[in-house]
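S.K.:
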Amino acid sequence: MIDILDIKKSINNLLKDTGIKSIDNGSKEGFKRPSFFVQILPIGGTDLLKSTTLENSYIIEINYFSKSQTQLDNLKMSETLKTKVFPYITIKDRKITPRNVRSEDIDSVLSFKLNLSWLDALPRKEYPKVEKLKLEME
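Residues are numbered in the numbering used here as their position in the sequence shown, beginning at 1, plus a constant of 253.
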């Protein structure tokens, strides 16, 4: 099963190749540009589809604070991030295809978002086999 920490590690590994630091969301003051901030938000929680299957859905938001604070720099980074997340993101031993990938420039900060959804199989409960069945009928 994949948990939120596995997602965070995989996204941070994707961003390492850019040579730009990922900063913890708790320290939005006094950071050096360029920097990434990554947020992982659940979409409606985790749903039990059947007794053995969980559906997981998350929005991944990567905010990029460019050094030059220009739209051109943000557009370049948006294209770079697209090449890193397509055709799939590897999380643990799984390959998950991102959905609804989008980006926007807000006050010279790139907001790059994508949705991740996948199913996890739950272990089946094992019960002892019945050796004798007693049936009472009226």
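Note that the Cβ used here is the ideal one computed from N, Cα and C, for glycine as well.
Please read these numbers as outputs of a predicted model, since none were measured by experiment.
#1: Alpha carbon to alpha carbon, how far is Leu363 from Ile342?
#2: Give the straight-line distance between the Cα atoms of Lys382 and Leu268, rounded to the nearest whole angstrom.
#3: If we ignore side chains and look at the alpha-carbon of each, how far apart do Gly297 and Asn309 end up?
#4: For Gly283, tell me which candidate among Ile264, Thr305 and Phe318 has the shortest Cα-Cα distance.
#5: Looking only at its chain, what residues have a beta carbon closer than 6 Å to the beta carbon of Asp270, apart from the 5 residues adjacent to it on each side?
#6: Determine the DSSP secondary structure at Val338, reduced to helix, strand or coil.
#7: Quick one, which of Val354, Lys261 and Asp256 has its alpha-carbon nearest Phe365's?
M.R.: Looking at the atomic coordinates:
#1: 20 Å
#2: 51 Å
#3: 9 Å
#4: From the listed residues Ile264, Thr305 and Phe318, the smallest Cα separation to Gly283 is found for Phe318.
#5: Counting only Cβ-Cβ distances below 6 Å, and skipping sequence neighbours, we find nothing.
#6: helix
#7: Val354
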